[in-house]
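Residue numbers (this note's numbering): 167 to 600.
By construction, the Cβ of each residue, glycine as well, lies at the ideal position given by its N, Cα and C atoms.
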């Protein structure tokens with residue numbers, strides 16, 4: 167078996183996965199995201215190189231936190247293989263379906279190849295361990311203990327592949343008094359204090375935020391851990407096991423944690439929504455600075471009488487500022503006044519309006535990928551814009567088990583007879599393609 171000393175030293179063997187021009191993988195229309203990002207030179211076989219080109223990733227994860235990290239690695243050039251159970255990732259049924267593929271699954275798994283292995287079948291563990299032996303990175307977000315039960319823990323895999331980097335995402339960590347608990351984003355929103363704080367500020371009953379903050383946060387921190395471990399491996403030659411607890415990432419994300427830790431009342435700054443021509447507007451910054459700028463440069467008159475208590479001053483000055491905002495005949499006039507004194511403002515947009523915003527359009531934040539039905543469907547691009555390297559979604563979504571044979575041949579050199587035996591024994595399976 168070949169020993170891979172560095173993913174950078176094996177470009178020749180692997181380059182065909184990302185460098186070869188495949189018309190089915192990349193959009194060639196000049197208006198497409200890919201054309202704008204990497205130009206016709208790359209599409210015609212040029213030399214631009216992805217940051218993580220030739221990195222192999224085995225993605226066991228499901229739903230969001232792990233799949234998001236894997237998708238970002240894929241966008242930066244890694245060859246990501248999603249290893250799914252026979253029933254597939256549950257998100258394959260979430261959102262609008264096209265040709266049997268859902269929008270939610272597409273967003274987090276576009277660019278990946280799919281291998282379907284039944285871990286409950288005898289003989290599956292040796293196959294997966296062989297795949298892990300050829301991987302640079304393995305991602306999993308099972309409850310702690312699941313990988314070990316299948317003989318696929320870090321302790322099982324590391325001796326065969328000392329350079330393997332394994333990311334494990336869980337709600338409460340791999341060890342500890344609550345590591346056994348099932349965890350989803352909503353659970354961590356509640357347990358981290360986010361739900362209670364939101365309810366207190368809004369003076370409403372506790373409810374879950376509309377975004378899966380805990381999942382995306384854990385995936386992003388997992389991505390940072392992987393990239394750090396890759397850099398460390400280049401110096402020391404060994405892999406790492408990265409233990410990411412969603413609770414840790416949520417507590418770290420709380421930029422007002424010092425108030426809690428110092429046991430003092432929370433005095434939150436940030437933005438405030440004001441009534442304005444054309445609809446409400448968000449204006450952020452310390453109100454004292456907002457007041458000084460508007461009073462000095464726009465002549466807003468201080469309505470507070472001499473000797474007024476602080477609370478009364480704040481109330482009256484806020485009213486004066488609100489009246490000033492509403493005094494403009496149109497929104498553009500207000501925005502020009504805010505820009506003139508460098509006050510930060512934001513429109514209260516819907517999600518659809520945000521994607522249609524000038525910046526999102528100029529940066530081509532939304533890409534079109536093959537929907538496997540003869541058309542395309544939109545996905546949000548990764549946000550990385552490198553000065554001299556491409557980064558973008560690689561291809562459309564895969565059907566469950568679509569790349570069983572391809573990956574086993576590429577990674578393991580498996581013979582047709584060996585693959586047929588794995589299929590016959592119920593270890594490998596694939597859904598019928600439309």
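Assign residue i to buried or exposed, taking buried as 16 or more other Cβ atoms, counted over all protein chains shown, within 10 Å of its Cβ.
| i | result |
| --- | --- |
| residue 387 | buried |
| residue 590 | exposed |
| residue 247 | buried |
| residue 510 | exposed |
| residue 478 | exposed |
| residue 514 | exposed |
| residue 533 | buried |
| residue 331 | buried |
| residue 273 | buried |
| residue 262 | exposed |
| residue 508 | exposed |
| residue 230 | buried |
| residue 406 | buried |
| residue 400 | exposed |
| residue 375 | exposed |
| residue 476 | exposed |
| residue 242 | buried |
| residue 446 | exposed |
| residue 548 | buried |
| residue 395 | buried |
| residue 588 | buried |
Relative to the C-alpha of residue i, which residue among the options is closest?
| i | options | result |
| --- | --- | --- |
| residue 557 | 239, 231, 234, 220 | 239 |
| residue 299 | 306, 325, 285 | 325 |
| residue 232 | 215, 255, 221 | 255 |
| residue 222 | 281, 302, 546 | 302 |
| residue 421 | 360, 215, 369 | 360 |
| residue 465 | 472, 471, 457 | 457 |
| residue 541 | 253, 225, 264 | 264 |
| residue 289 | 599, 584, 600 | 584 |
| residue 484 | 497, 461, 321, 505 | 461 |
| residue 506 | 463, 472, 329 | 463 |
| residue 296 | 538, 598, 578, 592 | 578 |
| residue 599 | 491, 216, 267, 455 | 267 |
| residue 564 | 580, 381, 537 | 537 |
| residue 351 | 251, 382, 474, 432 | 382 |
| residue 348 | 310, 356, 328, 369 | 310 |
| residue 380 | 370, 356, 395 | 356 |
| residue 566 | 220, 251, 237 | 251 |
Give me the Cα-Cα distance between residue i and residue j, rounded to the nearest whole angstrom.
| i | j | result |
| --- | --- | --- |
| residue 523 | residue 448 | 16 angstroms |
| residue 503 | residue 518 | 27 angstroms |
| residue 160 | residue 500 | Outside the shown range of the chain, which is 167 to 600, sits residue 160, and nothing can be said about it. |
| residue 550 | residue 334 | 24 angstroms |
| residue 527 | residue 425 | 39 angstroms |
| residue 389 | residue 319 | 20 angstroms |
| residue 199 | residue 391 | Because residue 199 carries a pLDDT of 35, less than 50, the predicted location of this residue cannot be relied on, and the following value inherits that uncertainty. If you take the alpha carbons of residue 199 and residue 391, they lie about 28 angstroms apart. |
| residue 582 | residue 562 | 27 angstroms |
| residue 214 | residue 552 | 11 angstroms |
| residue 493 | residue 467 | 14 angstroms |
| residue 459 | residue 397 | 46 angstroms |
| residue 342 | residue 312 | 16 angstroms |
| residue 428 | residue 417 | 15 angstroms |
| residue 364 | residue 437 | 15 angstroms |
| residue 402 | residue 317 | 26 angstroms |
| residue 253 | residue 495 | 58 angstroms |
| residue 314 | residue 455 | 56 angstroms |
| residue 292 | residue 539 | 36 angstroms |
| residue 322 | residue 362 | 41 angstroms |
| residue 207 | residue 450 | Note that residue 207 has pLDDT 33, beneath the 50 cutoff, so the model's placement of it is unreliable and the number below is only indicative. Looking at the two C-alpha atoms, the distance is approximately 43 angstroms. |
| residue 576 | residue 570 | 10 angstroms |
| residue 328 | residue 224 | 15 angstroms |
| residue 439 | residue 372 | 22 angstroms |
| residue 482 | residue 367 | 22 angstroms |
With a cut-off of 8 angstroms on the beta carbons, I'd call residue i and residue j a contact; round off their distance for me.
| i | j | result |
| --- | --- | --- |
| residue 345 | residue 336 | 7 angstroms |
| residue 227 | residue 306 | 6 angstroms |
| residue 596 | residue 572 | Contact flag wrong, Cβ pair sits at about 11 angstroms. |
| residue 409 | residue 340 | 5 angstroms |
| residue 535 | residue 543 | 6 angstroms |
| residue 604 | residue 419 | The requested residue 604 is not part of the displayed model; the chain covers only 167 to 600. |
Beta-carbon separation of residue i and residue j under 8 angstroms?
| i | j | result |
| --- | --- | --- |
| residue 218 | residue 244 | yes |
| residue 413 | residue 377 | no |
| residue 469 | residue 486 | yes |
| residue 283 | residue 594 | yes |
| residue 308 | residue 411 | no |
| residue 277 | residue 546 | no |
| residue 404 | residue 444 | no |
| residue 602 | residue 271 | There is no way to answer for residue 602, as the model of the chain reaches only from 167 to 600. |
| residue 281 | residue 304 | no |
| residue 216 | residue 555 | yes |
Comparing the CB of residue i with every heavy atom of the ligand GTP, is any distance shorter than 7 angstroms?
| i | result |
| --- | --- |
| residue 247 | With respect to the ligand GTP, the structure offers nothing, as it holds no ligand at all. |
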